[in-house]
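Novice: Read left to right, the sequence shown gives residues 42 to 365 (my numbering).
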Amino acid sequence: MIKLTCLVACVGFSAMPLVAQAQSYPVRSITVVVPFPAGGPSDVVARIVTERMGRTLGQQMVIENVGGAGGTLGSARVAAARPDGYTLLAGSMGSHVAAPVLTPNVKYDSARDFEPIGLTANAPAVIVARKDFPAENLSEFVAYLKENADKLKQAHGGIGASSHMACLLFNQALGIRPTSVAYRGTGPAMNDLVGGHVDFLCEQSVSVAEQIKAGTVKGYVVSANQRLATLPDIPSAKEGGINYQMSIWAGIFAPKGTPKEIIAKLAAALDKALDDPSVRERIAELGGSIPAKQERAPASFARLVKAEIARWSPILKAASVTTN
Numbered sequence: 042m043i044k045l046t047c048l049v050a051c052v053g054f055s056a057m058p059l060v061a062q063a064q065s066y067p068v069r070s071i072t073v074v075v076p077f078p079a080g081g082p083s084d085v086v087a088r089i090v091t092e093r094m095g096r097t098l099g100q101q102m103v104i105e106n107v108g109g110a111g112g113t114l115g116s117a118r119v120a121a122a123r124p125d126g127y128t129l130l131a132g133s134m135g136s137h138v139a140a141p142v143l144t145p146n147v148k149y150d151s152a153r154d155f156e157p158i159g160l161t162a163n164a165p166a167v168i169v170a171r172k173d174f175p176a177e178n179l180s181e182f183v184a185y186l187k188e189n190a191d192k193l194k195q196a197h198g199g200i201g202a203s204s205h206m207a208c209l210l211f212n213q214a215l216g217i218r219p220t221s222v223a224y225r226g227t228g229p230a231m232n233d234l235v236g237g238h239v240d241f242l243c244e245q246s247v248s249v250a251e252q253i254k255a256g257t258v259k260g261y262v263v264s265a266n267q268r269l270a271t272l273p274d275i276p277s278a279k280e281g282g283i284n285y286q287m288s289i290w291a292g293i294f295a296p297k298g299t300p301k302e303i304i305a306k307l308a309a310a311l312d313k314a315l316d317d318p319s320v321r322e323r324i325a326e327l328g329g330s331i332p333a334k335q336e337r338a339p340a341s342f343a344r345l346v347k348a349e350i351a352r353w354s355p356i357l358k359a360a361s362v363t364t365n
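(1) Between Ser65, Val167 and Asn178, which lies nearest to Ser204 when the distance is taken from Cα to Cα?
(2) In the structure shown, what three-state DSSP assignment does Ala207 receive?
(3) Threshold first: 3 residues or longer. Then list the beta strand (DSSP E) segments lying entirely within the region 145-190, N to C.
(4) Taking the straight line between their C-alpha atoms, what separation do you get for Pro124 and Ile304?
(5) With DSSP as the reference, please indicate the residues paired to Lys194 in a beta bridge.
(6) Count the other CB atoms, across all protein chains shown, that sit within 10 Å of the CB of Val90; report buried if there are 16 or more and exposed otherwise.
(7) Which residues in the same chain have their Cβ closer than 7 Å to the Cβ of Met42, if we skip the five residues on either side of it in sequence?
(8) Between the C-alpha atoms of Thr72 and Met102, what's the straight-line distance to the nearest angstrom?
(9) Would you kindly work out how many angstroms separate the C-alpha atoms of Thr113 and Glu349, rounded to a whole number?
(10) Determine, using beta carbons only, whether Gly111 and Gly199 come nearer to each other than 8 Å.
(11) Between the alpha carbons of Lys358 and Ser65, how many angstroms are there, rounded?
(12) Which word fits Asp150, buried or exposed, when buried means at least 16 other C-beta atoms lie within 10 angstroms of its C-beta?
(13) Where do the N-terminal and C-terminal ends of the alpha helix (DSSP H) with Ser83 fall, by residue?
(14) One question on the structure: do Met271 and Leu193 come within less than 8 Å of each other, judged by their Cβ atoms?
(15) Below 7 Å CB to CB, which residues in the same chain sit around Ala343 once its five sequence neighbours on both sides are set aside?
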């Protein structure tokens with residue numbers, strides 16, 4: 042009897058059925074894998090949102106940056122993790138839509154290997170250039186690109202990242218083929234842009250808004266039909282007559298098979314975080330927007346992911362062939 046008791050005690054909580062664990066979840070800190078280096082859009086949004094979620098859940102949510110291969114390395118790690126709610130993914134349009142199309146040998150299926158928890162934010166892309174770029178406005182910028190594209194270096198956050206997707210679509214819209222320079226995330230790409238080592242960068246507004254405001258880079262166009270309130274001096278693509286409209290989303294996922302009770306707790310905590318005025322204000326300051334309540338829910342988010350894969354896959358394949 043003593044040996045049996047010891048055996049049960051030594052096996053510990055980790056061996057309990059996931060359904061039983063779900064009742065008391067969470068009892069320890071939660072790791073949130075951001076599949077890109079620190080400082081990028083996925084990282085920024087994840088840190089803002091999960092800090093507030095952690096307060097609701099009563100446990101710390103720890104960000105772990107696992108960059109590489111357009112977000113596929115970190116995403117694959119979460120897809121293979123134990124589905125107990127303690128390893129989550131701060132995924133994005135890059136990791137779930139662009140990377141599977143543009144990165145070879147991806148080790149997960151975006152639509153089947155994850156449990157969507159909720160949509161966190163949307164943001165348009167902004168095209169920014171080094172601060173001494175010769176063009177003073179959008180029309181001059183477009184003319185300069187068309188005349189000199191083969192001499193220019195265009196940076197992005199890695200093959201398959203949402204910034205790579207933004208670059209491909211921008212190049213396709215203008216019919217240009219600059220030299221593409223891939224980095225291991227937006228942070229390193231932005232550092233080289235500020236240092237003048239590359240010429241321009243395509244990235245979500247949440248990653249570039251503060252640099253534009255600080256004057257360390259020049260902003261030329263927003264991939265939207267209207268200007269951003271936080272960047273009122275930058276024209277929209279529609280104003281400039283450019284067919285370049287895209288909204289890049291971010292969200293939180295759990296591994297497939299995570300108990301529905303855990304998904305429900307996480308989704309409720311996310312919903313509360315996105316309703317927090319301080320969270321909404323911070324994301325708005327960066328040029329992002331909070332999805333409507335009905336768009337955040339797990340089921341709605343799952344439908345969005347499937348629809349986005351179907352919508353963008355052929356576009357990305359075509360853009361990759363014609364501009365790379």
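Glycine is no exception: its CB is placed at the ideal position from the N, C-alpha and C atoms.
Predicted, not measured: the structure shown is a model, and the values here were computed from it.
Specialist: Here's the rundown:
(1) The alpha carbon of Ser204 has as its nearest neighbour, out of Ser65, Val167 and Asn178, the alpha carbon of Val167.
(2) helix
(3) If we require 3 residues or more, the beta strand (DSSP E) runs fully inside the region 145-190 come out as 155-171.
(4) 10 Å
(5) Thr220
(6) buried
(7) Its pLDDT being 42, under 50, Met42 is placed unreliably in this model, and the value from its coordinates should be taken loosely. None.
(8) 6 Å
(9) 17 Å
(10) Gly199 sits close to Gly111, with the two beta carbons spaced by under 8 Å.
(11) 45 Å
(12) exposed
(13) Pro82 to Leu98
(14) A small fix is needed here, since residue 271 is Thr in this sequence, not Met. Contact flag unset, no.
(15) So the list reads Pro157, once near-sequence residues are dropped.
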